[in-house]
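A quick write-up on the structure given underneath.
In the UniProt record's numbering, the protein residues as written are 1 to 161.
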């Protein structure tokens, strides 16, 4: 483990960030069986199961990650739904947004079975104060349980200011 840390940190300025500027979060929808959706309008998904919230920039009540330091961030989202019965058309879909504007969308329909999953990873330059969230799109479902199929994660690669 120390060798891996040395190799990564030897070439990366991230390891030299002060502890105050280190930012990382990793969350899942829930620890118990729950489905979200469908809704008639976009809603921010509140991921309640917090694995990591370094810097306390993610709010599990609102589902919003407020960028504490300007920089380049890696963000990842995975959505899953097993709602419905075979033959019904349901979708696991969501949208990654910054300050209410769409950045990228995920969509998977259950044409062949009732289990659907999709993932995305983005690297973005964000400014301090930006608010990043995952939005559930109209007509979409997300279902989760203790297996944590639905996740939202992000971390600061390097600061720009």
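Glycine included, every Cβ here is placed at the ideal spot set by N, Cα and C. Note that the structure is predicted; figures quoted are calculated from it, not measured.
Opening and closing residue of the beta strand (DSSP E) in which residue i lies
i: residue 144; result: 142-144
i: residue 132; result: 131-136
i: residue 56; result: Run containing residue 56: none; DSSP gives neither H nor E here.
i: residue 121; result: 116-126
Whole-number beta carbon distance between residue j and residue i, since they are thought to touch under 8 Å
i: residue 134; j: residue 37; result: Wrong, their Cβ atoms sit about 12 Å apart, outside the cutoff.
i: residue 65; j: residue 58; result: 5 Å
i: residue 94; j: residue 121; result: That pair is no contact at about 14 Å.
i: residue 136; j: residue 45; result: 5 Å
Same chain, Cβ closer than 7 Å to residue i, neighbours up to 5 away in sequence not counted
i: residue 118; result: 79, 92, 106, 107 and 108
i: residue 33; result: 145
Beta-carbon contacts of residue i that lie in its chain and below 8 Å, excluding the five residues immediately before and after
i: residue 141; result: 35, 36, 37, 38, 81, 83, 84, 90, 91 and 92
i: residue 138; result: 38, 39, 40, 41 and 42
i: residue 69; result: 21, 23, 128, 156, 159 and 161
i: residue 104; result: 95, 96, 120 and 122
Cutoff 6 Å; reference residue i; Cβ partners in own chain excluding five residues on either side
i: residue 131; result: 64, 66 and 99
i: residue 53; result: 25
i: residue 48; result: 30 and 60
i: residue 156; result: 23, 71 and 73
i: residue 146; result: 31
i: residue 149; result: 80
i: residue 152; result: 27, 47, 77 and 134
i: residue 102; result: 95
i: residue 116; result: 81, 92, 108 and 110
i: residue 126; result: 67 and 73
Heavy atom of the ligand ATP within 6 Å of residue i beta-carbon
i: residue 57; result: The model on display carries no ligand, and the ligand ATP is accordingly not part of it.
Residues sharing a beta bridge with residue i, DSSP
i: residue 153; result: 26 and 76
i: residue 40; result: Bridge partners of residue 40: none, in fact.
i: residue 96; result: 104 and 134
i: residue 71; result: 126 and 159
i: residue 34; result: 144
i: residue 21; result: Looking at the DSSP assignment, residue 21 forms no beta bridge with any residue, so it has no partner.
i: residue 170; result: This structure cannot speak to residue 170, because the chain is shown only from 1 to 161.
i: residue 49; result: 28
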